[in-house]
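Asker:
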Amino acid sequence: MRRSRRDDVADLRTEEESSKKRRAPCIVAGYYANRVTVRMREEELELSLKVVIVGNGAVGKSSMIQRFCKGTYTRDYKKTIGVDFLEREIEVDGEDVRLMLWDTAGQEEFDAITAAYYRGAHACVLAYSATDRNSFDAIPSWKLKVENECGEIPTVLVQNKMDLVDQCVIGLDEAERLGRALGCKLLRTSVKEDVGVMSVFRHLASRCLHEMRRNDNDYQDDLRLYSTGPRSPSVISAFSPNGSTCCRNSGNGTIVLRSGGKTRNHKKKNFVKSACRLL
């Protein structure tokens with residue numbers, strides 16, 4: 001039987017309608033799948049904060065972040081060359097916070113290197129040793145160096161080596177006066193005995209969260225997408241020296257979101273501490 005042109009057109013229409021019906025569930029499924037993905041991404045965001053630890057050499061800056069991030073302590077002193085980096089995730093005020101800790105060299109010959117990495121910091125630790133008068137006297141100049149690069153950021157004054165009571169050369173009243181003059185809370189630690197170290201970083205993280213919420217009460221809805229590039233095994237480019245705050249990589253996943261000057265990246269269930277050294 002010979003088919004007419006009308007029959008061919010009818011067959012084409014039938015095939016097209018059938019094809020649309022087959023595609024429709026895929027479109028709907030894809031729509032709802034995308035909604036679920038977006039919702040999951042919103043729920044799995046975490047806050048990342050850059051914290052710089054500054055002060056004279058041999059006051060315990062490296063030991064402090066080693067104790068906080070790795071739970072270890074080494075008696076032998078090893079001078080920091082340039083900048084060291086460690087990170088740890090903690091929960092503060094119901095938020096998952098990843099602290100990216102930058103341990104800077106205290107020697108003047110490294111000033112040109114370390115100052116560049118102050119930029120973009122969200123918080124600062126001013127560290128001195130209870131047994132070193134010069135390290136205490138240098139604190140105001142360290143604070144000024146950070147302010148020149150970062151402006152006013154949450155800062156804490158830390159007296160380390162409080163376990164060496166017999167060798168202490170700075171009285172508590174004198175230290176508290178300096179803290180008030182600089183507008184910083186004074187905290188005392190013993191990295192060797194693991195006393196007060198956690199309090200330092202919890203205090204700074206809480207301050208940053210408070211500032212962010214005060215400046216933007218609806219910060220959860222104000223997240224801006226910047227980059228979704230592939231992950232990189234390197235953490236050297238985590239924060240560029242020029243203070244850029246977008247499209248940065250932490251080495252444990254690509255940082256893709258920012259809110260109110262603070263960075264947010266996709267939360268990872270199995271978090272691994274990492275470290276690097278910048279020369």
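In my numbering, the protein residues as written are 1 to 279. Don't be surprised by glycine CBs; every beta carbon is placed ideally from N, CA and C.
1) Using only alpha-carbon positions, find the residue among 139, 98, 118 that is nearest to residue 177.
2) Using only the alpha-carbon positions, how far apart do residue 146 and residue 166 sit?
3) Applying the criterion that 16 or more other CB atoms from any shown protein chain within 10 Å of the CB defines a buried residue, is residue 130 buried or exposed?
4) Please classify residue 104: is it buried, with 16 or more other beta-carbons within 10 angstroms of its beta-carbon, or exposed?
5) Determine the direct distance from the alpha carbon of residue 201 to that of residue 91, and round the result to whole angstroms.
6) Whole angstroms are fine: how far does the CA of residue 148 sit from the CA of residue 184?
7) Taking only runs of the alpha helix (DSSP H) that begin and end inside the segment 148–231, which ones reach a length of at least 4 residues, in chain order?
8) Would residue 332 pass as a contact of residue 123 if the rule is Cβ separation under 8 Å?
9) Can you tell me whether DSSP reads residue 146 as helix, strand or coil?
10) Return the residue from the list 144, 181, 156, 189 that minimises the CA-CA distance to residue 164.
11) Do residue 101 and residue 143 have their beta-carbon atoms positioned less than 8 Å apart in this structure?
12) Would residue 134 and residue 60 qualify as a contact pair, given that the criterion is a beta-carbon distance under 8 Å?
13) Check whether the Cβ atoms of residue 157 and residue 171 sit closer than 8 Å, and answer yes or no.
14) Quick one: what's residue 123 bridged to in DSSP?
15) In three-state DSSP terms, what is residue 84?
16) Our contact map puts residue 121 next to residue 50 with C-beta atoms below 8 Å; I'd like the distance itself, whole angstroms only.
17) For residue 73 and residue 67, I'd like the C-alpha separation in whole angstroms.
18) Using CA atoms only, rank isn't needed, just tell me which of 47, 71, 70, 78 is closest to residue 57.
19) If distances are taken between C-alpha atoms only, which option among 71, 48, 52 comes closest to residue 198?
20) Count the other CB atoms, across all protein chains shown, that sit within 10 Å of the CB of residue 195; report buried if there are 16 or more and exposed otherwise.
21) With DSSP as the reference, label residue 98 as helix, strand or coil.
22) How many angstroms separate the CA atom of residue 99 from the CA atom of residue 206?
23) Closest by CA to residue 192, which one among 204, 84, 62, 48?
24) DSSP state of residue 103, grouped into three classes?
25) Going by C-alpha to C-alpha distance, which of 203, 48, 162 sits closest to residue 96?
Answerer: This is what the structure holds:
1) That would be 139, whose Cα lies nearest to the Cα of residue 177.
2) A straight line joining the alpha-carbon of residue 146 with that of residue 166 spans about 32 Å.
3) Burial state of residue 130 is buried, judged by a 10 Å Cβ sphere holding 16 or more other Cβ atoms.
4) Flag for residue 104 reads buried.
5) A straight-line Cα-Cα distance of about 11 Å links residue 91 and residue 201.
6) Each residue's Cα considered, the two are about 17 Å apart.
7) Within the segment 148–231, the complete alpha helix (DSSP H) runs of at least 4 residues are 172–182, 197–215.
8) Coverage of the chain is limited to positions 1 through 279, which leaves residue 332 absent and any answer about it impossible.
9) It is helical.
10) Looking from the CA of residue 164, the closest CA among 144, 181, 156, 189 belongs to 189.
11) Taking 8 Å as the Cβ cut-off, residue 143 and residue 101 do not qualify as a contacting pair.
12) Not closer than 8 Å, so no.
13) Their beta carbons are not under 8 Å apart, which means residue 157 does not touch residue 171 by this criterion.
14) The partner list for residue 123 (beta bridge, DSSP) reads 51.
15) Residue 84 carries a strand assignment under DSSP once its states are collapsed to helix, strand and coil.
16) Distance from residue 121 to residue 50 at the Cβ level is roughly 5 Å; contact confirmed, criterion being Cβ atoms closer than 8 Å.
17) In this structure, the alpha-carbon of residue 73 lies about 6 Å from that of residue 67.
18) The option with the nearest alpha carbon to residue 57 is 78.
19) For the residues 71, 48, 52, the minimum Cα distance to residue 198 belongs to 71.
20) So residue 195 counts as exposed.
21) Residue 98 falls in the strand class under three-state DSSP.
22) Residue 99 and residue 206 have their C-alpha atoms roughly 12 Å apart.
23) Among 204, 84, 62, 48, the Cα nearest to that of residue 192 is on 62.
24) Taken through DSSP and simplified to helix, strand or coil, residue 103 comes out as strand.
25) Answer by Cα proximity: 48.
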